[in-house]
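Residue numbering for the sequence shown follows my numbering, starting at 1 and increasing by one per position.
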Amino acid sequence: MHLAYPAVLAALLFCTGLYGVLARRNAILVLMSVELMLNAVNLNLVAFDVWLRDTLHSGQALTLFTIAIAAAEIGIGLAIVLAVYRNRGSSDIDRLRDTAETDAETVRSTTNAEATS
């Protein structure tokens with residue numbers, strides 16, 4: 001099999017994941033898009049490992065490490081998203097950023113008021 005087929009598929013997967021990260025506002029969908037991008041990288045690692053006929057199979061070994069890191073990332077990320085959803089009632093990224101900015105402005109105005117009095 002030619003190297004072009006898995007490379008094109010990996011590029012399409014990566015571009016789809018990148019679009020999902022940039023366009024989505026739901027934190028869970030952003031995490032799923034990151035996983036899609038990592039799977040595109042894994043596909044490239046395995047394809048180049050087979051194409052180069054590496055005797056150590058370093059591409060496949062790196063793929064296993066990437067899968068382990070991705071599993072840990074999705075577990076921690078999902079736990080954070082669920083904790084934020086329980087506290088704020090939404091996992092919308094824009095609303096969370098706006099809330100953080102208003103919290104920071106409240107802290108700054110309180111600190112400035114205390115400093116002037």
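For each residue, glycine too, the CB sits at the ideal point set by N, CA and C.
Tell me which same chain residues have a C-beta within less than 7 Å of the C-beta of residue 71, skipping the five on either side of it? As a first step, residue 71 is located in the sequence shown; it is residue number 71 there, counting from the start. Correct list: empty, nothing qualifies.
Would the stretch 51-66 and the stretch 13-27 be scored as touching if the rule is three or more Cβ pairs under 8 Å? no
Following the continuous alpha helix (DSSP H) through residue 31, name the residue where it begins and the one where it ends. What you label residue 31 is simply residue 31 of the sequence shown in a count that begins at 1. Here the alpha helix (DSSP H) through residue 31 covers 27-52.
Between the stretch 72-80 and the stretch 41-56, can you find at least three pairs of beta-carbon atoms closer than 8 Å? no
Which residue's Cα is closest to the Cα of residue 16: 4, 2 and 31? By 1-based counting over the sequence shown, the position of residue 16 is 16. Out of 4, 2 and 31, 31 has the C-alpha closest to the C-alpha of residue 16.
DSSP beta-bridge partners for residue 92? Here the question's residue 92 lines up with position 92 in the sequence shown. The partner list for residue 92 (beta bridge, DSSP) reads 26.
DSSP state of residue 12 mapped onto helix, strand, coil: By 1-based counting over the sequence shown, the position of residue 12 is 12. Residue 12: helix per DSSP, three-state reduction.
Proximity winner among 89, 18, 37 and 84, relative to residue 66 (alpha-carbon distances): What you label residue 66 is simply residue 66 of the sequence shown in a count that begins at 1. Selected option, being the one with the closest Cα: 37.
Buried versus exposed, by CB contacts within 10 Å (16 or more), residue 40: The count along the sequence shown starts at 1 and reaches residue 40 at position 40. Classification of residue 40: buried, given that the 10 Å Cβ count is 16 or more.
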